[in-house]
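In what follows, a structure is listed as structure tokens, so that the remarks can point back to it.
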Amino acid sequence: MSENPEYSFVIPAYNEEANIKTLYERIVSLMQNISENWEMIFVNDGSTDNTISVFKELTEKDKRIKYINLSRNFGHQAALSAGLKFAKGNAVISMDCDLQDPPEIVARMIKKWKKGNHIVYARRKNFRKDNFLKRLGSKIYYRLMGKFTRIEIPRNVGDFRLIDRKVLKEINTMPEHSRYLRGMVAWTGFKHDFVDYERPDRQKGESNYTLGKLARLGMDGVFNFSMLPLRIGFILGLISIISGFGLLLYQIWDVFINGVYYHLYKWLVVILFIFMGFMFMLLWIIGEYIGKIYDDVRQRPLYVIDETKNINPQES
Ligand code: UDP
Ligand code: MG
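The opening residue of the sequence shown carries number 49 in our numbering; numbering runs sequentially from there.
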């Protein structure tokens with residue numbers, strides 16, 4: 049048996065004292081039929097309740113339990129990233145601490161992983177429970193994301209998923225600071241599959257994703273994976289210049305052919321359109337450069353290798 053565990057569970061927790069033990073027990077009983085060779089990494093994201101003492105208690109009882117205690121609240125994506133950095137398993141499962149991601153689904157995820165999928169997403173089926181606005185919002189959001197970005201970010205999936213060690217390595221080498229993990233995982237492009245499930249309500253405690261945090265996460269998704277917002281200047285500029293020149297030609301034609309008199313302000317409006325257009329264009333050009341700088345500072349790998357033949361990808 050290798051020293052490294054076969055499976056890692058990575059679980060960020062913010063004020064989850066009431067849920068941890070149940071989650072632990074459910075994972076333990078699930079894994080009894082699968083493998084004993086696993087680890088569970090909890091990340092305490094600056095909880096203000098007794099989350100950390102529950103972790104301490106568990107780690108003393110069970111050596112497969114590990115925890116990382118962050119110095120303050122850094123947010124779900126950062127906490128999850130911290131856990132992923134230390135996960136040693138060949139398959140790494142990330143899930144929430146609040147029992148909204150039922151451990152029993154993991155058995156199905158592991159089956160799909162064993163069939164050769166490097167990423168297995170848990171996909172939510174029941175959106176009925178969410179309110180209308182949240183449903184509409186998520187529908188529009190995913191539609192826009194599909195249009196804006198070149199990579200396909202799967203719909204109706206959160207951060208409940210299993211990734212192969214291969215994928216984990218790529219994620220851990222991405223040093224970008226604003227992290228949208230589901231996008232980053234999809235970006236690697238490895239073979240993936242889905243497991244559908246009904247998402248239960250949160251067991252205890254409150255959702256920490258306020259509308260504000262959710263909006264922030266959504267914006268990270270757009271801005272981290274799309275250069276389109278930077279290109280809006282081009283579209284606005286084009287519209288402005290074309291309409292400006294169109295109006296100008298029309299007015300000139302009217303003056304010379306029909307002998308109509310145009311007030312000075314009408315000429316000014318036309319000139320304004322044209323100049324605004326050039327300004328927008330300039331903003332777009334600056335945007336393109338910023339986009340290139342952004343791409344470079346983010347330092348994502350240029351490509352991801354899935355497999356090689358007669359070449360050692362480590363050598364280079
Ligand atoms: N979480 C975290 N840091 C935060 C907010 C949340 O680590 O600042 C954890 C939380 O404990 C849970 C997971 O992230 O395990 C998902 O959070 P939550 O249940 O609040 O989100 P929702 O299910 O409402 O989307
Ligand atoms: Mg939740």
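The beta-carbon is built from N, C-alpha and C at its ideal position, and this holds for glycine as well.
With H, G and I counted as helix, E and B as strand and the rest as coil, what does DSSP make of Asn-360? Here residue 360 refers to the residue found at position 312 of the sequence shown. In the structure shown, Asn-360 sits in coil (DSSP, three-state: anything other than H, G, I, E or B).
Can you tell me whether DSSP reads Met-88 as helix, strand or coil? Counting from 1 along the sequence shown, the entry for residue 88 is found at position 40. Three-state DSSP puts Met-88 in a strand.
Using 7 Å as the cut-off, classify the Cβ of Arg-264 as near or not near the heavy atoms of the ligand UDP, replying yes or no. Position 216 of the sequence shown, counted from the first residue, corresponds to residue 264. Arg-264 Cβ: outside cutoff for every heavy atom of the ligand UDP.
Would you say the beta carbon of Asp-144 is closer than 7 Å to some non-hydrogen atom of the ligand MG? As a position in the sequence shown, residue 144 is number 96, starting the count at 1. For the ligand MG, at least one heavy atom lies less than 7 Å from the Cβ of Asp-144.
Check whether Leu-71 and Ala-155 have beta carbons under 8 Å apart: One-based indexing of the sequence shown puts residue 71 at position 23. One-based indexing of the sequence shown puts residue 155 at position 107. Not in contact: Leu-71 and Ala-155 (Cβ atoms no closer than 8 Å).
Since His-124 is in the alpha helix (DSSP H), which residue starts that stretch and which ends it? Counted from its first residue, the sequence shown places residue 124 at position 76. Start and end: 124–134.
Start and end residues, beta strand (DSSP E) containing Gly-206: What you label residue 206 is simply residue 158 of the sequence shown in a count that begins at 1. First-last of the beta strand (DSSP E) with Gly-206: 205–212.
Same chain, Cβ closer than 8 Å to Lys-162, five either side skipped, listed in chain order: Looking up residue 162 in the sequence shown gives position 114. So no residue of the chain qualifies.
Please return the same chain residues whose Cβ sits closer than 6 Å to the Cβ of Arg-203, not counting the five positions on each side in sequence. As a first step, residue 203 is located in the sequence shown; it is residue number 155 there, counting from the start. So the qualifying residues of the chain are Tyr-190.
Determine, using beta carbons only, whether Glu-218 and Gly-137 come nearer to each other than 8 Å. Within the sequence shown, numbered from 1, the residue matching residue 218 stands at position 170. Within the sequence shown, numbered from 1, the residue matching residue 137 stands at position 89. In this structure, Gly-137 does not lie closer than 8 Å to Glu-218 by Cβ.
Touch test, the stretch 85–103 against the stretch 113–127, Cβ-Cβ under 8 Å, three pairs minimum: yes
In the structure shown, what three-state DSSP assignment does Asp-302 receive? Within the sequence shown, the letter at position 254 stands for residue 302. Three-state DSSP puts Asp-302 in a helix.
Distance between Gly-335 and Phe-196 (C-alpha atoms, nearest Å): As a position in the sequence shown, residue 196 is number 148, starting the count at 1. As a position in the sequence shown, residue 335 is number 287, starting the count at 1. Taking the straight line from one Cα to the other gives about 16 Å.
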